[in-house]
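Participant: Quick one: this structure, given as structure tokens, is what I'll be asking you about.
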Amino acid sequence: MKISVEKGQEKGFLPDGRHTVEITDIQEGQSEHQNVPFFAARMENEDGFVTQRFYTSPAAMPILLSLYSAVGIHPEAGKDLDTKQLLGKRVSVEIGEHSYADPATGNERSIKQATGFRTA
1 MKISVEKGQE
11 KGFLPDGRHT
21 VEITDIQEGQ
31 SEHQNVPFFA
41 ARMENEDGFV
51 TQRFYTSPAA
61 MPILLSLYSA
71 VGIHPEAGKD
81 LDTKQLLGKR
91 VSVEIGEHSY
101 ADPATGNERS
111 IKQATGFRTA
């Protein structure tokens, strides 16, 4: 079996702490358990990467708006945001571990996440 390694995949996860990153990829999907739409943004620099999910539910809107604002895109009421606008944008993020109970198994899981969005 041959396994291809694409550019950027050889990087490891960003270490905990504040990093300036570039948004290099956007993938869209739905959460596994509640079918909530999301987009996953790959954020990377020379030290590594993190892939952060952004849910598009009303409860998650403040987080989305803070990301867009931090990259210099200022949302306007009545106008849609396009996730493709984020590609190539730089942002300062706080990387840390987040633990939660897996809804399917109840087991604790930990993931790397990006929070605390600021202008780079």
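Those letters in the sequence shown? Residues 1 to 120, by full-length UniProt numbering.
By construction, the Cβ of each residue, glycine as well, lies at the ideal position given by its N, Cα and C atoms.
So, does the segment 9 to 18 touch the segment 30 to 40, judging by three or more C-beta pairs under 8 Å?
Facilitator: Output reads no: the segment 30 to 40 does not touch the segment 9 to 18.
Participant: Considering only the alpha carbon of each residue, which of Pro58, Ile26, Glu97 lies closest to Met43?
Facilitator: The shortest C-alpha separation from Met43 is found at Ile26.
Participant: Between which residues of its own chain and Asn45 is the CB-CB distance below 8 Å, once the five residues before and five after are set aside?
Facilitator: Taken in chain order, the residues that qualify are Leu14, His19, Thr20, Val21, Glu22.
Participant: Going by DSSP in three states, Asp43 sits in which element: helix, strand or coil?
Facilitator: According to the sequence shown, residue 43 is Met rather than Asp. If DSSP states are grouped into helix, strand and coil, Met43 belongs with the strands.
Participant: Determine the DSSP secondary structure at Ser66, reduced to helix, strand or coil.
Facilitator: Note: Ser66 maps to helix in three-state DSSP.
Participant: Can you look up residue 193 in the DSSP assignment and give me helix, strand or coil?
Facilitator: Since the first and last residues shown for the chain are 1 and 120, residue 193 lies out of range.
Participant: Across the segment 100 to 108 and the segment 54 to 62, are there enough close Cβ pairs to call them in contact, namely three or more that are closer than 8 Å?
Facilitator: The segment 100 to 108 is not in contact with the segment 54 to 62.
Participant: Any idea what DSSP makes of Pro37, helix, strand or coil?
Facilitator: DSSP places Pro37 in strand when its eight states are reduced to three.
Participant: Using CA coordinates, which residue listed in Tyr55, Ser92, Leu81, Lys79 is at the minimum distance from Val71?
Facilitator: Ranking the options by Cα distance to Val71, first place goes to Ser92.
Participant: Taking only the alpha-carbon atoms, compute the straight-line gap between Gln30 and Met1 and give it to the nearest angstrom.
Facilitator: When rounded, the distance between both Cα atoms is 30 Å.
Participant: Residues bridged to Lys112 by DSSP?
Facilitator: Note: Lys112 sits in a beta bridge opposite Glu97.
Participant: Since Asp25 sits in a beta bridge, which residues does DSSP pair it with?
Facilitator: According to DSSP, which records beta bridges pairwise, Asp25 is partnered with Arg42.
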